[in-house]
Structures are given as structure tokens and as C-alpha cells.
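Visitor: Supplied in C-alpha cells, the structure appears directly below.
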Amino acid sequence: MREELRPKLVGARVKRVEDPRLLTGQGSFADDYRPAGMVHVALLRSSYPHARLLRIDTAAARSLAGVVAVFTGDELAEAARPMVATSKMKDYRATPMPMLARGKVRYVGEPVAAVVAASRYLAEDAARRIAVDYAPLPAESDPLRAAEASAPLLHEEARSNVVLSREFARGDAAAAMAAAPLRVGARFRFRRKAVLALENRCYLAEYHRGRRELTLYSATQVPGIVRDALAELMDMPEHLIRVVAADVGGGFGGKASLYPEELLVAVLARRLGRPVKYTSDRLEDLLSTSQAFDEIVDAELGVAADGTIAALTAEVVGDVGAYSIYPWTAALEPVQVVSFLPGPYRMPNYRGRVRGIATPKAPLGPYRGVGRPVAAFVMERLIDMAARRLGIDPVAMRRRNFVAAEEFPYRTGSGIIWDRAGFTECLTAVRDALDYDGLRRRQEEARAAGRWVGIGFASYAELTGIGSKIPAAPGMPVNTGTETATLRIDPSGSVTAIFGIASHGQGLETTLAQVVADELGVRLEDVRIVQGDTAGRAYTTGTYASRSAVLAGGAGKLAAAALREKVLRAAAHLLEAHIDDLVAEGSRVAIRGTDRSLSFREIARSVYLQFGRMPPELQEELEATKLYDPQFGTTSSATHAAVVEIDPETFGVRVLRYVVAEDCGRVINPMIVDGQVHGGVAQGIGAALLEEVVYDGEGQLLSGSLMDYLVPSAVEIPPMEVIHIEAESPTTLGGFRGMGEGGTIGAPAAIANAVTDALAPLGIEVTELPVTPERLYRLVEAARGKE
Amino acid sequence: MSGKRRVAVTVNGTRHEREIEPRLLLGDFLRSELDLTGTHFGCEHGICGACTVILNGDSVRACLVFAVQADGGEVLTVEGLGSVEALHPLQQAFHEHHGLQCGYCTPGMLMTALDLIRKHGRLTEAAVRAGISGNLCRCTGYQNIVAAICAAAEAMQSEEPAGDA
Chain A
1 MREELRPKLV GARVKRVEDP RLLTGQGSFA DDYRPAGMVH VALLRSSYPH ARLLRIDTAA
61 ARSLAGVVAV FTGDELAEAA RPMVATSKMK DYRATPMPML ARGKVRYVGE PVAAVVAASR
121 YLAEDAARRI AVDYAPLPAE SDPLRAAEAS APLLHEEARS NVVLSREFAR GDAAAAMAAA
181 PLRVGARFRF RRKAVLALEN RCYLAEYHRG RRELTLYSAT QVPGIVRDAL AELMDMPEHL
241 IRVVAADVGG GFGGKASLYP EELLVAVLAR RLGRPVKYTS DRLEDLLSTS QAFDEIVDAE
301 LGVAADGTIA ALTAEVVGDV GAYSIYPWTA ALEPVQVVSF LPGPYRMPNY RGRVRGIATP
361 KAPLGPYRGV GRPVAAFVME RLIDMAARRL GIDPVAMRRR NFVAAEEFPY RTGSGIIWDR
421 AGFTECLTAV RDALDYDGLR RRQEEARAAG RWVGIGFASY AELTGIGSKI PAAPGMPVNT
481 GTETATLRID PSGSVTAIFG IASHGQGLET TLAQVVADEL GVRLEDVRIV QGDTAGRAYT
541 TGTYASRSAV LAGGAGKLAA AALREKVLRA AAHLLEAHID DLVAEGSRVA IRGTDRSLSF
601 REIARSVYLQ FGRMPPELQE ELEATKLYDP QFGTTSSATH AAVVEIDPET FGVRVLRYVV
661 AEDCGRVINP MIVDGQVHGG VAQGIGAALL EEVVYDGEGQ LLSGSLMDYL VPSAVEIPPM
721 EVIHIEAESP TTLGGFRGMG EGGTIGAPAA IANAVTDALA PLGIEVTELP VTPERLYRLV
781 EAARGKE
Chain B
1001 MSGKRRVAVT VNGTRHEREI EPRLLLGDFL RSELDLTGTH FGCEHGICGA CTVILNGDSV
1061 RACLVFAVQA DGGEVLTVEG LGSVEALHPL QQAFHEHHGL QCGYCTPGML MTALDLIRKH
1121 GRLTEAAVRA GISGNLCRCT GYQNIVAAIC AAAEAMQSEE PAGDA
């Protein structure tokens, strides 16, 4: 069979190799490890948003049977350096995060003291016996008021609660806006969101006193970042630290940062010389895992009479919470709103300004989509607002303003460069799938019958698979642009492929095996993917920012090609054939056009076991390591469409239909890609309709349980239709584009536009998400009051 | 703490006797005392359904049941369904339909689905969605879970005729 005709694994709906262990309860989540002698940590967390710590009395806790030790921040002050997320960004003020609070607390839920005990039950009993004298300090929870000079300072050394500011500009936005025949704008608000992976954060540290080795089992997406940070903060060489993230129960960005509890268990294990575990409960998760969005965006769009965009201006205020999260910094989310606001549109004039304000709340951090869900919400609402005012169909409005095929590569208003991507193709595919004209007719009929039915679109573009030329967070001094793969064949002929990425549900063990098996010419079942473990890598970070398929896939392809060369060279010698006549396929190397072949096992055994018989130039291990750096990254894009109906009695929004067309380049596994889109859209629907972290005016959390923080269940999420578009192969190796986050970027905007469309007869514009029944009720009442 | 109590619980067909604190949750009993770590906690307040197991024929949340309440009872956990080598038809359907991603909610989802299928037989999509609405999944958007459960219900009906037929 000619090589190009062979069935390939890349592109096939290969069933996941992860599944059997996870389906049978044989996974290895961090909390599943229970080494002998293990003790448990419970934390006493601050009940005040902002207070001075006067005295912490731990005597009663220490006296409880089963308690091993109790620590305060001051007692562990010398054990590790504070976590400081630095940035090269101008106008950025670092806000060091302590492992346990010292001097004062800055949000409700901040760790204040740690109890180590024989069981989690006992540790929690003892934590309740710690008495803390707090002297409450004034606290300002509202970011606009906290930005004022008179507001109480959260970090005195920062001298302001405005901890970052940045501006992007192209052209003369003010002049173009003044000259624009139509201007539409509003104050948009996307409320604070919890990440809420189903597995709570959990960390287990083991310290071997004889070898002075530290092993951390962590529910993390970034074992490499955690290892590097622990080495620095604990003053240890990295070869004595191993971070393992075996099975991780969802991440979505919430497990992509270093946490105080992670550092704490490592410090305590080293101090106590026994395994120390911390398992968060859900209240602690809602109090202390990094949160998302929480921006106020004053935005205006200027358009010509024919709908052509002339200018966009935006002022963004991001409520970044109490601390700048390591390593991404507080700039990550709000700056990315301004970076991506121009979207997939031609934007001759743009000015976007952003400020990040420290408030007494849990730190803001990365969350699926980072900044772009908010950017898409604002931009896609503005597009619809302008289209409605001009009487232009929202589909036509988007098509008119998309960067066209011949305009790529296109530099956006904020400086991001879009490579050729299927903006228009995705929109057209969604329109066709919807039977758009028929759908509009049926909507008219429903409207005539008094029903509130709406259709909403959202188009977006994102940068994925980012290489070393662009930091994943603005000004961040960590290289996130490379990944390395090591592939080796052992004497049995089986292949071990070692990566630094860390799968937490994406099925990367399957997709990377598909890529490696195809390139190397072996069967899928002969490849074992090692990931989520720093042991095999000199440098790595982890899985975030829609990077792993692109970067690890690319590194896997390079390493597999290099290893295949080695195998073919050895086989050429053993088969006495010319290397050009050989083909590797199905874990065998054959001489083309003959029935002569050797299995990988036979070749490997010859190489390793009869090493002395190999010619000197072939005396090498069957192993290859390759680094891949895509330099800049590649554009992924999609259009989403939602059809919703609003219940006029309850003001509940029901999503009747949901269609996505996305261009993620070459699809490695369509089954997995569909699943990622489904999950991303479901989180986006949750963000649009249900999910909201609520703090009161002083910073007390009011949404501390899953009865208060609402996550969509199977009855709120509709069946979704997913269409794959491959407009053009990008320059990334393999033609892969990242796609893990996209679903969450498009969905809030599509739902907001659909709800607005449903209420168009009342002239209502949705400018705040989530658009809960209460908010909808108030909007409708206000609109009716005006009539 | 209050005195320990002796309990005998049959889990996945094996009888286990332990001296435990009355406040010990069934989920912690399974995970800590019996090393059956397939049952996962997601919220510990009865909302997410991740810790669902079958107790005396009904699905329960192992975070809302004390182990002492299971004294003398029979518990089925995910470890009692099928094995890596021989998946149960329900597990097989989740595998075929990509009904799991991170796998954390999966054990609870499987036990809820098993209870649904055993009690109702063949299931419509709407019945499955309502039936699993007490089990949260953050990865899949539920679509493939629903497909998997519908397919499993079909397969299990054809394999084992309903008792009351």
C-alpha cells in the first residue's frame, strides 16, 4: 500500500486509552494516594475580608488527641519565600502572596493557620479550636470605588489598589468615532465566576529525609511550573523535586496556578518528614480557587451607514481580587479582554484601556477562554446593537466586517496577528446548518403567538499554540512557548513517549498516541504516553492556553520522525536493504514491494541485545528527544448560534438549539474535539445564565455552596451540533490549531445575543451576564414601565 | 470524640467489619477504610452526585450517609461493576460514546445511571437528562453521557429480560 493511502490514526475517532481505568474506579487522582504514615492538613481560613491579625491562639488545637502540629504564618516565615508573580509590564505592581497570612488578611477564605493531624476529621476539629483576634480594617469590595485614591489600601507597599494598567491603540479612534454616522455603546458587566472543576484541589507531599527528595502529587495543570516554583521558594535544587499530576479531575484554568496550599504541604512534609495531604472541600474551593471574569467594560462602536466598522473604544476595569496569582499575574484576564476585543473584524481604529483593581476577594486567575469570553460578549453585543439600528441582518453585519481571506495575515487593533482562518466559512456553515431563513420565519410565527424566541450569533478568534515569541500572560517571565518530547523503544519493541504536558480530561494520552503512532509507523497499542510528571523533563510547564495538541503534538511528531530514522537505519543494516526502500508501518519495517520485514521488537532486540554486532555508527539507543517551538501561534476561530426561548412566567431561559462551526485546523480526533466543544459550550451557557460568585459590599462571600453557586445540569444544557471547518492548513507542525477553550468563548455572547433578540419587541439590550431570571425580570419590568 | 461502633457492610459482594466513629461518612469509609478510591467526593453536601453509590438497591450520596447507617447493608460501588479487562455494558457504552473526559464525576454518574436503568428499563433522552440532573459533570456538556446511558439501557434490556415481563 502506498504510504499516503494507509489508514491514519490522526483524523480518526479513536476511543480513548484513558477510559478503562477511569470507568472502573482505578484512576489515580491526588486524593487517591494514601502512603503509610500520611497526615492531613486542615486550614483555618479568614472570616474577614480585610483585618489585622492581632493574636492567634493555637493551644487548644495543639492539645487535641491526634494533632501532630499547628502552624501560623509567622511560625513558617523562614520555611519558604512568599509567592511573587512578577511582570515586565509597565505600571504593574506586584502583590506578594503569603503561604499563610502574616500581619493581615486580605480576603475571606485566606489561609491563616494550618493543623496537621492523623485524619482530616481530626484536623478540622482542631482547626475549629484555633482562636484568632482580628482587628477589622475598612474594606472596599466595589472595584470602581476601590480604584479611588481615598479607598482603603489592600497592599500598602503597592501604594494603590490599581495594580496594573495598559493601553492599546491603533489609528485615531477618537476622531473616527466622532465622525462615525452611527455609534452604539453601553456599560457591559460580566460578573465573577467560579471555575469549579468537579475534583476539588488536593495536594500530597512526600519528603525522603535520607535522599532529601520531595515528591508532590498535585491536582494541577502545570506540574512543570509548580516544580520550578517550589525549587525557588523552598531553596532546593530541581533534581530533588518531582511533581506528579496523574489523573486530574478537570482544571479549566483553576488548577493552572501555584497555590499556597501546594507550597504548604511541601514545606510541612519537609519539616515533619512524613507524607502530608491537603484535600479542599467545596466551600474552600469557592472561597480560594482562582476566579474568573469580573470586568466592567464601557465600550463604543462607530460604524458607517452600510455597517462597516470605523472605530472601537473600550475602558475596562478588572476586579482582580486580593493577590496577583503566580505565575500569570493579575494582568492575565483583564489585559486579554482588551487584547482580543477587536475580534475577527477589520478594525482601522481602536483604543482599549484596562485597569486592574485589587479588592478583598479571591484572586482572579486563568479560566477557560481567559479574557476572550468577556471580549466576545462585548464585541458581539456591539455588532448586534449596530446591526439592529441599521436594519442589517446580524449574519450580514458580521460577514461585511470579517477579515477576508485575502487580508491574512491580519494585524488586529491590539497588535495580535491572525493567520488565515475560517472566519467567514464558519459563519456560513452555521447559517446553513440552522436553515436560517426558515428559522427566522418560524421565529416570526412564534413572536406573533406571543412567545419570546430569539436567535443569537457569536463569532470570535483566538490565538492558540503560542510559541516563545509571545508570553502566555503579558510581561510574565516564564517561557510558555516550547514543549519537548522524548520517545524511546525498549527491547520488547514497545514505545514510551514522554511529554511535559498534563492532561486533565482532554484525552491527551490518546491524541498524542495517535500523532506519535502515525509518524513512527507503529500500532496505537504499542505506544504509552507519559504525561503529568516532571520526572522525564528538563523543562516544561503544563497544559493551559489551548497549547498541548499544537506544542506537544509538534514535539511528538519531530521526535517520532527522528526515532523512525534510527529504526530504519538499524533495519536497513539488519535486512541488508537500502533505507529508502524501507517503510515503517504497524510496528514493522518492511522492504517495499517484498514480503521481507522485521518487527520493531526484532529490530530493538538486535540493537540492544546484540549491540556488539551492530556497526559502530548504529551503536545508539533507540531514543530521540525533540523540542518544538511554534514561535508565534495560530488562529482558531468559530461561530456559535443559539436559539432560546424565555418563559414569560418564570423568566427562565431555555436553550432550544445550539450550533457551533469551528476551525481548529487538522482534527486529530473528531470525537474528542466534539467533546471539548460540548463541554466548553456548557460552561459558557452556565456563565451566561446561572453561574455567579457573589460578594457583599464588604467582601463577604455569599455563594459558598452549590445551592448558591449554580452549575448547569443535564436539563439546562441542550444537544449541540458541531461542524468542523478546515479553511487552510496553518504553519504549525501537523496543521493543528488549539481548541480546548473555544466553546466557552463563544457561548456567553451567543446566549446574550439570543436573549436580546427574543426580547427585541421590548427594546431590551442584555448588557450584564449572567442574565438570571431576576435580572431578566427587572429588564422586562423596566422596559414595560417605559411603554 | 464519641465512642466507636462496630459495623458490618457488604461492599461489592465482600463483607467488611470495622470499628468506626459514628460520624464517619460512607464515602470516607469506602475510601479510607476499604481503599475503594473509585468513589469520589465533589461537594460533600449532596449536590454534585460524584459520590453516588448503590445502597440496598437504591442510589445514595455517600457524603450524605454515615457508614453506620449502612450497617448490615449491601453497597455497590464502581469497583463492583466491571473490570478494565471486562467492562460492564454501562461502562462500555460510556467508552463507545465518549461519555467521560476527566473521569471524576464518572463513577457517580455510572451508579446513578445503573439505578435509573434498573428501575425504568429503556429510557428516553428527556428521562435520562432528568434522571441524571442531580449529577454534575463539568467536562462533557452531558451530551455524550446521555447518549451513552440511552445506548446502555437499550443494550441491558436486550441482554437481561426485565424481571416483571
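So the protein lines, in turn, are chains A and B. If you read the first sequence in the working numbering, its first letter stands for residue 1, the second for the next number, and so on. If you read the second sequence in the working numbering, its first letter stands for residue 1001, the second for the next number, and so on. Built from N, CA and C at the ideal position, the CB exists for glycine as well. Computed from a prediction, not measured in an experiment: that's the story for all the values here.
(1) With distances taken from CA atoms, which of Arg569(A), Lys626(A) and Val184(A) is nearest Val607(A)?
(2) Measuring alpha carbon to alpha carbon, tell me which residue in His504(A), Val478(A) and Thr58(A) is nearest Gly28(A).
(3) Which bits of chain A does Ala1050(B) rub up against, with CB to CB less than 7 Å?
(4) Could you round the C-beta distance between Val226(A) and Val243(A) to whole angstroms and report it? I think they count as a contact, below 8 Å.
(5) Would you list, in sequence order, the uninterrupted alpha helix (DSSP H) runs of no fewer than 4 residues that lie entirely inside the stretch 58-134 of chain A?
(6) Is Asp32(A) helix, strand or coil by DSSP?
(7) For Gly1141(B), return the contacting residues in chain A, with the cut-off set at a CB-CB distance below 7 Å.
(8) Using DSSP with H/G/I as helix, E/B as strand and the rest coil, what is Glu262(A)?
(9) Cα separation between Pro344(A) and Arg274(A)?
(10) Determine, using beta carbons only, whether Asp740(A) comes closer than 8 Å to chain B.
(11) Indicate whether at least one CB of chain A lies closer than 8 Å to the CB of Ile1117(B).
(12) Assess, as a yes-or-no matter, whether the stretch 1001-1011 of chain B is touched by the stretch 1061-1073 of chain B under the definition of 3 or more beta carbon pairs within less than 8 Å.
(13) Below 8 Å between beta carbons: does that hold for Gly532(A) and Ala584(A)?
(14) How about Leu1030(B) and Thr1039(B): do their beta carbons lie closer than 8 Å?
(15) Would Val412(A) and Met347(A) qualify as a contact pair, given that the criterion is a beta-carbon distance under 8 Å?
(16) Per DSSP, what are the beta-bridge partners of Ile56(A) in this structure?
(17) Does any residue of chain B have a CB that is nearer than 8 Å to the CB of Ala101(A)?
(18) Alpha carbon to alpha carbon, how far is Ser87(A) from Leu1064(B)? Give it in angstroms, no decimals.
(19) I believe Ala113(A) touches Val70(A) by the beta-carbon criterion, under 8 Å. Please report the beta-carbon distance rounded to the nearest angstrom.
(20) Using 8 Å as the limit for Cβ to Cβ distance, is Asp133(A) near chain B?
(21) What residue from Ser339(A), Pro648(A) and Gln291(A) has the CA that sits closest to Gly365(A)'s CA?
(22) In terms of residue numbering, what span does the beta strand (DSSP E) encompassing Met671(A) cover?
(23) Please classify Arg389(A) as buried or exposed, where buried requires at least 16 other C-beta atoms within 10 Å of its C-beta.
(24) So with Cβ pairs under 8 Å, would you call Asp19(A) a contact of chain B?
(25) Would you decide whether His208(A) is buried or exposed? Buried here means 16 or more other CB atoms lie within 10 Å of its CB.
(26) Could you check if Asp19(A) belongs to the surroundings of the ligand SAM, using beta carbon to heavy atom distance under 7 Å?
(27) Enumerate in chain order the residues of its own chain whose CB-to-CB distance from Ser1059(B) is below 6 Å, with the five nearest sequence positions on each side excluded.
(28) Starting from Asp1058(B), follow its DSSP beta bridges and name the residues at the other end.
(29) Taking Val267(A) and Met99(A) to be in contact with their CB atoms under 8 Å, please state how far apart those CB atoms are, rounded to whole angstroms.
(30) Per DSSP, Leu558(A) is paired with what?
(31) Excluding the 5 residues flanking Val354(A) on each side, which residues of the same chain have their C-beta closer than 6 Å to its C-beta?
(32) Per the DSSP calculation, Asp247(A) is bridged to which residue(s)?
(33) Scan the stretch 1121-1145 of chain B for residues whose Cβ lies nearer than 9 Å to a Cβ of chain A and list them as they occur along the chain.
(34) Quick one: residues in its chain with C-beta nearer than 7 Å to the C-beta of Leu76(A), no 5 flanking neighbours on either side, listed in chain order?
(35) Nearest chain E C-beta to Gly37(A) closer than 8 Å, yes or no?
(36) Pull up the distance between the alpha-carbon of Asp57(A) and that of Thr279(A), whole angstroms please.
Guide: The short version:
(1) When each option's Cα is compared against that of Val607(A), the closest is Arg569(A).
(2) First, the amino acid is wrong: residue 28(A) is Ser here, not Gly. Nearest in C-alpha terms to Ser28(A), of all of His504(A), Val478(A) and Thr58(A), is His504(A).
(3) Within chain A, the residues near Ala1050(B) are Leu198.
(4) Contact holds; Cβ gap of about 5 Å.
(5) Runs found: 59-62 and 120-127.
(6) Three-state result, Asp32(A): helix.
(7) His678, Gly679, Val681, Ala682, Ile717 and Met720, listed in chain order.
(8) In this structure, Glu262(A) counts as helix in the three-state DSSP scheme.
(9) For Pro344(A) and Arg274(A), the distance between alpha carbons rounds to 53 Å.
(10) The question names Asp, but residue 740(A) in the sequence shown is Gly. The Cβ of Gly740(A) sits no closer than 8 Å to any Cβ of chain B.
(11) No, Ile1117(B) does not count as interfacial toward chain A.
(12) With three or more CB-CB distances shorter than 8 Å, the stretch 1061-1073 of chain B counts as touching the stretch 1001-1011 of chain B.
(13) No, these two residues do not count as a Cβ contact at 8 Å.
(14) Contact flag set, yes.
(15) Residue 412(A) is actually Thr in this sequence, not Val. Yes, they are a contact pair.
(16) Beta-bridge pairing links Ile56(A) to Val132(A).
(17) So no, Ala101(A) is outside the interface.
(18) In this structure, the straight-line span from the alpha carbon of Leu1064(B) to that of Ser87(A) is close to 46 Å.
(19) Contact between Ala113(A) and Val70(A) holds, since their C-beta atoms are separated by about 6 Å, short of 8 Å.
(20) Not one chain B Cβ lies under 8 Å of Asp133(A).
(21) For Gly365(A), the closest of Ser339(A), Pro648(A) and Gln291(A) by C-alpha to C-alpha distance is Gln291(A).
(22) Where Met671(A) is concerned, there is no enclosing beta strand (DSSP E), although the alpha helix (DSSP H) it sits in stretches over Pro670 to Leu689.
(23) By the 10 Å Cβ count, Arg389(A) comes out exposed.
(24) With 8 Å as the cut-off, Asp19(A) counts as an interface residue toward chain B.
(25) His208(A) should be labelled exposed.
(26) Although the ligand SAM was asked about, the structure shown includes no ligands whatsoever.
(27) Closer than 6 Å at Cβ, skipping near neighbours: Thr1052, Met1111, Thr1112 and Asp1115.
(28) Under DSSP, the beta-bridge partners assigned to Asp1058(B) are Leu1055(B).
(29) Sure, about 7 Å apart at Cβ, within 8 Å.
(30) The partner list for Leu558(A) (beta bridge, DSSP) is empty, contrary to what the question assumes.
(31) So the list reads Arg166, Val316, Pro334, Val335 and Val338, once near-sequence residues are dropped.
(32) DSSP, once it has assigned bridges, lists Phe29(A) as partnering Asp247(A).
(33) Near chain A, meaning a CB-to-CB distance below 9 Å, the residues of the stretch 1121-1145 of chain B are Glu1125, Ala1126, Val1128, Arg1129, Ala1130, Gly1131, Ile1132, Ser1133, Gly1134, Asn1135, Leu1136, Cys1137, Arg1138, Cys1139, Thr1140, Gly1141, Tyr1142, Gln1143, Asn1144 and Ile1145.
(34) Excluding sequence neighbours, Leu76(A) sits near Met99, Leu100 and Val267.
(35) Absent here is chain E; the protein component of the structure consists of chains A and B.
(36) Distance between the alpha carbons of Asp57(A) and Thr279(A) is about 24 Å.
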